[in-house]
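Using the working numbering, count along the sequence shown one by one with no gaps and you end on 330.
Everything on this sheet refers to the single structure shown next.
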Amino acid sequence: MVGLTNKKAVRLLRLQERLIMGKEVYPPDLARELHVSLRSVQRDLADLQKTDLALRTHETPDGRQVWSVMPSQRQFDVKMTTMDLVVARLALGMFHKYQGTGLEDFLAELAEKVSSKLESAAGTKKLNLTGKLMARQPFTRDFTTSSDIFEEVLTALLNGKKLEMDYAGLRGETRRHIVHPYTLLAYKSGLYVIGRSESVRDGLPRVFAIERISACVHLRKEPSEVPPDWDPEAFVPFWGGLLPGKEQKVRLRFVPTLAPYVQKLRLPENSRLTRGPAGSLDLTLHAVINEEFITWVLGFGPAVQVITPRRLQEQMCDQLRATLAQYETA
Numbered sequence: 001m002v003g004l005t006n007k008k009a010v011r012l013l014r015l016q017e018r019l020i021m022g023k024e025v026y027p028p029d030l031a032r033e034l035h036v037s038l039r040s041v042q043r044d045l046a047d048l049q050k051t052d053l054a055l056r057t058h059e060t061p062d063g064r065q066v067w068s069v070m071p072s073q074r075q076f077d078v079k080m081t082t083m084d085l086v087v088a089r090l091a092l093g094m095f096h097k098y099q100g101t102g103l104e105d106f107l108a109e110l111a112e113k114v115s116s117k118l119e120s121a122a123g124t125k126k127l128n129l130t131g132k133l134m135a136r137q138p139f140t141r142d143f144t145t146s147s148d149i150f151e152e153v154l155t156a157l158l159n160g161k162k163l164e165m166d167y168a169g170l171r172g173e174t175r176r177h178i179v180h181p182y183t184l185l186a187y188k189s190g191l192y193v194i195g196r197s198e199s200v201r202d203g204l205p206r207v208f209a210i211e212r213i214s215a216c217v218h219l220r221k222e223p224s225e226v227p228p229d230w231d232p233e234a235f236v237p238f239w240g241g242l243l244p245g246k247e248q249k250v251r252l253r254f255v256p257t258l259a260p261y262v263q264k265l266r267l268p269e270n271s272r273l274t275r276g277p278a279g280s281l282d283l284t285l286h287a288v289i290n291e292e293f294i295t296w297v298l299g300f301g302p303a304v305q306v307i308t309p310r311r312l313q314e315q316m317c318d319q320l321r322a323t324l325a326q327y328e329t330a
């Protein structure tokens, strides 16, 4: 257990979980249990005091000073059916892909708890679960070299503090930013922090990839400011991802064999599916036209055709010519 508990971000999450479940914490006992110093536990409690968690201390009859949360913030065990446990275990497997972040360790421990409950439930119902649940996320990123950076980002978010970071831009230049972190975003196989940089005059939120942060520290004495109307769902477009681009109306035509697949896609509210010629299916939507969207369309190969706009047709052709040129010169 030592490997899990020596990460401060993981300790904070576990300590918070213990407190909100209504358990009292005696710092010396917890320090021995987690194999850390008493001072580390005291710092963790002090950090949690700076969050929205309402902590209090009181003295037990035997003279020990213990910590707990206010009754209004306590949580309780959730009753789950076997199907609930199956879904939870599968979902945890889908998110268990950020190696080296500490978050991976926490998810692994949580998955172990769910698995234990699931095995118990399966034994009672005589269910054979061997080989029946699997989640695989290919081509995920390894954040091992960024583990300390991720810990600083997560700590700043939990405590509402600013971040000082050295960040490499798209052209490779490194610049120092003082960032007010708003949201930690897990997008595809990447991790990003969205926030406002004091180094940028327009005051607009920016997206910073964790893997491109070369140095980072949370500023303990400098609280961050998050706009009261901040809405990460509105900031990250449904279709277009994190790269810049202009939103346009797009019409794509899929071959008949792909129609069932496209009909099952989760689409933006303003999308429309209509029947095309010879059993094809037309998808009309508003999308941010950038490299990510173009790559997504190209992934269907000859099974899709861009009907409109003309400019997107040209961009698709440019990408295909460039790809073909790689092999013509080989």
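Glycine is no exception: its CB is placed at the ideal position from the N, C-alpha and C atoms.
Nearest to Thr60 (by Cα), restricted to the options Ser68, Arg253 and Arg196:
Here residue 60 is taken as the residue at index 60 of the sequence shown, counted from 1. Closest in alpha carbon position to Thr60, among Ser68, Arg253 and Arg196, is Ser68.
Distance, Cα to Cα, Pro309 vs Thr51?
Mapped onto the sequence shown, residue 309 falls at position 309. Mapped onto the sequence shown, residue 51 falls at position 51. If you take the alpha carbons of Pro309 and Thr51, they lie about 49 Å apart.
According to the Cβ coordinates, are Lys246 and Thr284 closer than 9 Å?
Position 246 of the sequence shown, counted from the start, is the residue given in the question as residue 246. Position 284 of the sequence shown, counted from the start, is the residue given in the question as residue 284. Between Lys246 and Thr284, the C-beta gap is not smaller than 9 Å, which leaves the two residues out of contact.
Whose C-alpha, out of Arg251, Pro268, Leu273 and Glu269, is nearest the C-alpha of Pro260?
As a position in the sequence shown, residue 260 is number 260, starting the count at 1. Sorting Arg251, Pro268, Leu273 and Glu269 by C-alpha distance to the C-alpha of Pro260 places Leu273 at the top.
When Gly169, Ala278 and Leu191 are compared against Leu142, the one with the closest alpha-carbon
The residue labelled residue 142 in the question sits at position 142 within the sequence shown. Inspection of the sequence shows that residue 142 is occupied by Asp rather than by Leu. For Asp142, the closest C-alpha among the options Gly169, Ala278 and Leu191 is that of Leu191.
Exposure label - Lys165; buried when at least 16 CB within 10 Å
Counting from one through the sequence shown, the residue named residue 165 turns up at place 165. Note on residue identity: the sequence assigns Met, not Lys, to residue 165. By the neighbour-count criterion, in which a residue is buried when 16 or more other Cβ atoms sit within 10 angstroms of its Cβ, Met165 is buried.
Considering only residues of the same chain and omitting the five flanking positions on each side of Arg344, which have a CB-CB separation below 7 Å?
Coverage of the chain is limited to positions 1 through 330, which leaves residue 344 absent and any answer about it impossible.
Put Phe300 into one of helix, strand or coil per three-state DSSP.
Locating residue 300 in the sequence shown gives position 300, where the first residue counts as 1. It is coil, neither helix nor strand.
Return helix, strand or coil for Val2, following the three-state DSSP convention.
Counted from its first residue, the sequence shown places residue 2 at position 2. Its pLDDT being 42, under 50, Val2 is placed unreliably by the model, and the measurement read from it follows with that caveat. In the structure shown, Val2 falls within a helical segment according to DSSP collapsed to helix, strand and coil.
Endpoints, the alpha helix (DSSP H) within which Lys50 is located
To locate residue 50, count along the sequence shown from 1; it is residue 50. In the DSSP assignment, Lys50 falls outside any alpha helix (DSSP H), carrying neither H nor E.
Are the beta-carbon atoms of Leu158 and Ala9 separated by less than 9 Å?
Translated into the one-based positions of the sequence shown, residue 158 becomes position 158. Translated into the one-based positions of the sequence shown, residue 9 becomes position 9. Going by C-beta atoms, Leu158 is nearer than 9 Å to Ala9.
Proximity to Ala287 [Cα-Cα], best of Trp296, Arg32 and Gly279:
As a working note, residue 287 is residue 287 in the sequence shown. Nearest option by C-alpha distance: Trp296.
Can you have a look at Ser224 and say buried or exposed, based on whether 16 or more other CB atoms are within 10 angstroms of its CB?
Here residue 224 corresponds to residue number 224 of the sequence shown, with the count starting at 1. Buried, by the Cβ-count rule.
Local conformation of Gly279 per DSSP, three classes
Here residue 279 refers to the residue found at position 279 when the sequence shown is read from its first residue. For Gly279, the secondary structure class from DSSP, reduced to helix, strand or coil, is helix.
Just to confirm the assignment: which complete beta strand (DSSP E) runs, minimum length 3, are found wholly within the stretch 172-228?
Uninterrupted beta strand (DSSP E) stretches at least 3 residues long and entirely within the stretch 172-228 occur at 174-187, 190-197, 205-209 and 213-223, given in chain order.
For Lys249, three-class secondary structure by DSSP
Reading the sequence shown from its first residue, position 249 is the one you call residue 249. Reduced to three states, the DSSP call for Lys249 is strand.
Quickly, what does DSSP pair Ile289 with across the bridge? List them, please.
Along the sequence shown, read from residue 1 onward, the residue named residue 289 stands at position 289. According to DSSP, residue pairing for Ile289 in a beta bridge involves Lys246.
Between which residues of its own chain and Ser280 is the CB-CB distance below 7 Å, once the five residues before and five after are set aside?
For this step, residue 280 is matched to residue 280 along the sequence shown. If we look at Ser280 and ignore the five residues flanking it on each side, its Cβ neighbours are Arg253, Phe254, Val255 and Pro256.
Going straight from the alpha carbon of Arg275 to that of Gln313, what length do you get?
Taking the sequence shown and counting its residues from 1, one reaches residue 275 at position 275. Taking the sequence shown and counting its residues from 1, one reaches residue 313 at position 313. Looking at the backbone, the Cα of Arg275 and that of Gln313 are separated by about 21 Å.
Distance, Cα to Cα, Tyr167 vs Pro244?
The residue given as residue 167 occupies position 167 in the sequence shown. The residue given as residue 244 occupies position 244 in the sequence shown. Answer to the nearest angstrom: the Cα atoms are 18 Å apart.
What residue range does the alpha helix (DSSP H) around Lys8 cover?
Here residue 8 is taken as the residue at index 8 of the sequence shown, counted from 1. Counting along the chain, the unbroken alpha helix (DSSP H) around Lys8 starts and ends at Lys8 to Ile20.
Top-ranked residue by Cα proximity to Tyr187, from Leu242, Pro71 and Pro302
Within the sequence shown, residue 187 is the residue found at index 187, counting from 1. If we check each option's Cα against that of Tyr187, Leu242 comes out closest.
By the 10 Å Cβ neighbour count, where 16 or more other Cβ atoms means buried, how is Thr5 classified, buried or exposed?
Taking the sequence shown and counting its residues from 1, the one referred to as residue 5 is at position 5. Legend: pLDDT at Thr5 = 47, less than 50; position of this residue unreliable, no value from coordinates given.
Take the Cβ of Gln263 as the centre, count every other Cβ of all protein chains shown within 10 Å, and call the residue buried at 16 or more, exposed below.
Counting from one through the sequence shown, the residue named residue 263 turns up at place 263. Label assigned to Gln263: exposed.
Reference Glu211; option with closest CA among Thr140, Trp230 and Leu19
To locate residue 211, count along the sequence shown from 1; it is residue 211. Residue Thr140 is the option with its Cα nearest to Glu211.
Return the bridge partner residues of His35 from the DSSP annotation.
Working through the sequence shown from its first residue, we reach residue 35 at position 35. DSSP output for His35 lists no bridge partner at all.
Please return the same chain residues whose Cβ sits closer than 6 Å to the Cβ of Val2, not counting the five positions on each side in sequence.
The residue given as residue 2 occupies position 2 in the sequence shown. Low local confidence applies: a pLDDT of 42 at Val2 is under 50, so the model's placement there is unreliable, and no value is given.
Delimiting residues of the beta strand (DSSP E) encompassing Asp338
The question about residue 338 has no answer, for the chain in this structure spans 1 to 330.
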